[in-house]
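These notes are about the structure you will find just below.
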Amino acid sequence: MTPAPDGHQQPGVLGSTVTLSVRPITDWHVGAGTGLPAAVDALVRRDRDGLPYLPGTTVTGVLRDGCRTVARALDGAAPGPWTQWHRVIFGDAPDRDGPSAGRRLRPAALAIGPARLDPPLRSLVAADLALTQATTFVKPGVRIDPQTGRALDDMLRFVEMARAGLPLQAEVTLALPEDGDAATAATALLVLGAAWCDRLGGDRRRGAGQVTLTWAGHRAPAWARWLRESGWTPSSPKLPAQRQAATPGRGSATSSGGGWVRIPLTISTEQAVRVPRQTTGNLIRGHDHLPGSLLLPWLSQHLGADRVRAAVAADALTVRHAHPEIAGERSVPVPFVLAAGKYPDQQQPAGAGLTVYNTLRQHPPVGKPAKQVRGLWTLPAPTGDGGVALARMPMEELSHNAVNRATQRPDSEAGLYTVEAIPAGRRLRTEVLVSAEIAAQLGERWWTALDGTARLGSRRRGEYGLASVRAGEPRSDPVAPDPPRVGEVFALWAVTDLVVRSPRLRLSADPLDVVAALRDQLDGGGLTLALEPGSVTRTQRRDSWQSAWQLPRDSVVGLAAGSLLALRVVGGAVDPAAWRDLLRRGLGERRAEGFGEVLAGAPLLAASTLPLVPLPTATAETRQEAADGELSGAQRAALDVLTRVARDAAVRDAARALRELDEPPVAYTRLRSALDRLSPSQRGTWRTVLADAMQRRNRQRADQELDRWQRYRDKRRTDQREVAQAIAALLGGGITTVLASVGTPLSDDGWARLDATAVLLDDLVDAARRQSEPGQAEPGQAEPGQSEPPEAAR
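Everything in the sequence shown is counted per the working numbering, starting at 4 for the first residue and increasing by one.
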């Protein structure tokens, strides 16, 4: 608590990293956009542990609306500083048809990750399949005709729901501008806005999705009281100053100089990463790697935007594409000269005897058709046993709804759409190349500042984009092959797209234009290059979107990664320094973004045929959540609910198995026989007594009923007495023996025995009801729960 200028005590403010707690009060549903045929129409979204979670975009949208309501209330009639701070926190929303179309949008200062189970509880639940299955259940529903008020025909549907009471946590980062009122204004809005949020997810207007949102260590009443008593109002936020061009006096790069420093980076995705590449209908396809253009903004955050911008302009920095890791190495796209009869669409062991042909040296035999290998990843050198490894990196598909802001429903024209993303748990490798001059400016061991977490890709302020980055020690350039001489043929393998310009200065995918650009770069005096037969190329076009301006970028057209050019040196000489620079930094334009990377003299292309060998893809280590320490009260309550649900499901399965036994246990047979002699209403009353004790966690009434009926000695009350005695025997420990007969263990706990007995009794009552015909009740017998004993028992 810090004193305000007027003497009132101001509550503490939020830090740059804080936890948002979400406690579901009722069952909730945030759909995955898919279902199970003939089983479930709508499934909930699950994380990589198979547990339901709330996407960061869902929490952000609900919190944005709550904070907007609070900001409007604090401002009064006209928009004021609170509304302006709301814009700073949540950024500008894209509006293609409104007044914000075509102008630069302010980025959000708030980034909310997915709300998942608390780490200690998540580790316990994820390790037990029964507990994982208990986190959700399937709810039936129908569609009601608004005219008649009755259920429509053929409108029965089943929706998966996540259970209430599961405590969720979301990691939140807050990057506020350097402003005296920023922390106070943001904290007041976020804490009060969270208290305003009470529902989220599907069917939230029909009872589902009731939640409470709280910030760790912050209470909404304290902030409301302070604002009311102090009358504090923030000043309007200051707009960021326009960026100025870097000058040599400000540490800009002026020359790429002589030496270069190569820093290897390992990127492990902790959340799915979206890198859109193409929109096809309602499917947004994504790249299975991280382009260098996506890594440059992240690098600017660590090294300084002005310094990185100046280094790129001076051709003194290169960030290579982050490619998937295979066997601890950075993979490369398969060259288009490889052909095979069959190859795996997914990462799986290769078939016996499968041969891959290098068409640059040998074509497949006649009568054995083979197709070009594309869309896979490999290593630039054969494996230890002389084979070639091919791997496809599968993408994760996730569905979203385009919600209309006016109606708060998914009724916009876009509707449901699916996105492809790099899944969590994948490891990628890349390199950052900086000139010696830039490295000297950055200081000693500057690369250690790159270690840590990063937000990458599209929608990275929600449930996507979280990754961990680890920088390695600087490495030297690999040994380069000797430059080709006159008459020699060499193969140039495009590891990334090659971007060059035609004589008319347009981006070109013509191989002859690439040869011309290569000749100009390598010319050591009268150099002439010729394109040889056997070259295989494809065209690639990349389209991207400028999120800040909400405008499309210019298309990038060039030769696709995997293209291979067979070239002959007809005359002249190749400059050795230019040759080394070609293999170090690539060919053509936009090399700072990773384009133009090439390989020459790759060992993989030296063989005519190669056997296909299985090689598992290395992935990021699964992050183990700490389960040490005591669980909180909410966590213990949630774990108890899940344990009971899982136990009840196991007991129901055991009850079905008991009905099929030829010789069931004596305690089970005794209870079943006694229940069969009761009327349906009497059986139902016993079920109610035990179910009430189980739900309320209060055995007082059940024990009283059992004790009372066991004391009756009248022969006409024998059936009721036998039921009470059978139930008492089960509660005393007999249920453990009954369940063990069908292989279902039960913990030696009084409440566990009560739950299991109640479930077993419920199953027997249902079985008796299905076997009996209507109208066969036996009136005249007293029922359990009567206020007085029967007359004959007095």
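Here a beta-carbon is modelled for each residue, glycine too, at the ideal position from N, C-alpha and C.
Computed from a predicted model, the values in this text were never measured in an experiment.
Cβ-Cβ distance between G589 and V577 below 8 angstroms: no
C-beta contact flag for A483 and I266 at 8 angstroms: no
Which of helix, strand or coil DSSP assigns to W235: coil
Three or more C-beta pairs below 8 angstroms linking the segment 275–295 and the segment 418–426: yes
Range of the contiguous alpha helix (DSSP H) that encloses Y671: 669–679
Bridge-paired residues (DSSP) for H326: R432
Unbroken stretches of the alpha helix (DSSP H), 4 residues or longer, contained in the segment 89–149: 122–129, 132–137
Start and end residues, beta strand (DSSP E) containing H403: 399–404
Span separating the alpha-carbon of V741 from that of P614: 58 angstroms
Where V175 sits in the DSSP three-state scheme: strand
Member of I92, G15, G597 whose CA lies at the smallest distance from the CA of A74: I92
Contact set for A392: own chain, Cβ-Cβ below 7 angstroms, skip 5 residues either direction: I329, T381, L382, T386, V616, L618
Residues that T499 bridges to, as DSSP identifies them: According to DSSP, which records beta bridges pairwise, T499 is partnered with nothing at all.
Three-state secondary structure assigned by DSSP to P224: helix
Within the segment 706–777, ranges of the alpha helix (DSSP H) (whole runs, at least 4 residues): 721–732, 738–743, 753–774
Buried versus exposed call for S611 [16 or more other C-beta atoms within 10 Å across all chains shown]: exposed
For R650 and D798, believed in contact at Cβ under 8 angstroms, the rounded distance: No answer is possible for residue 798: it lies beyond the span of the chain, which begins at 4 and ends at 797.
Q350, DSSP secondary structure in three states: Here Q350 scores only 41 on pLDDT, less than 50, and its place in the model should not be relied on; the value that follows carries that caveat. In the structure shown, Q350 sits in coil (DSSP, three-state: anything other than H, G, I, E or B).
Member of D50, V489, R507, T646 whose CA lies at the smallest distance from the CA of G528: V489
Cβ neighbours of A770 in the same chain (closer than 7 angstroms, five flanking residues each side left out): R662
Pairwise C-alpha distance: F598 and T499: 6 angstroms
Beta-ladder partner(s) of Y360, from DSSP: A342, T612
Straight-line Cα distance separating S511 from L320: 24 angstroms
For G455, the first and last residue of its enclosing alpha helix (DSSP H): Where G455 is concerned, there is no enclosing alpha helix (DSSP H), although the beta strand (DSSP E) it sits in stretches over 455–458.
Pair within 8 angstroms by beta-carbon distance, L134 and T646: yes
Neighbour-count burial assignment, W548, 16 or more Cβ in a 10 Å radius: exposed
T176 vs A96 beta-carbon contact at 8 angstroms: no
Between the CA atoms of T60 and V692 - distance to the nearest angstrom: 45 angstroms
Any chain D beta carbon closer than 8 angstroms to R90: Protein chains in the displayed structure number just one, and chain D is not present.
Sub-8 angstroms separation of P336 and G565 beta-carbons: yes
CA-to-CA distance, V315 to L501, given in whole angstroms: 18 angstroms
Buried/exposed call for P14, threshold 16 Cβ in 10 Å: buried
Nearest-angstrom Cα separation, counted from L767 out to T739: 17 angstroms
C-beta contact flag for A637 and P170 at 8 angstroms: yes
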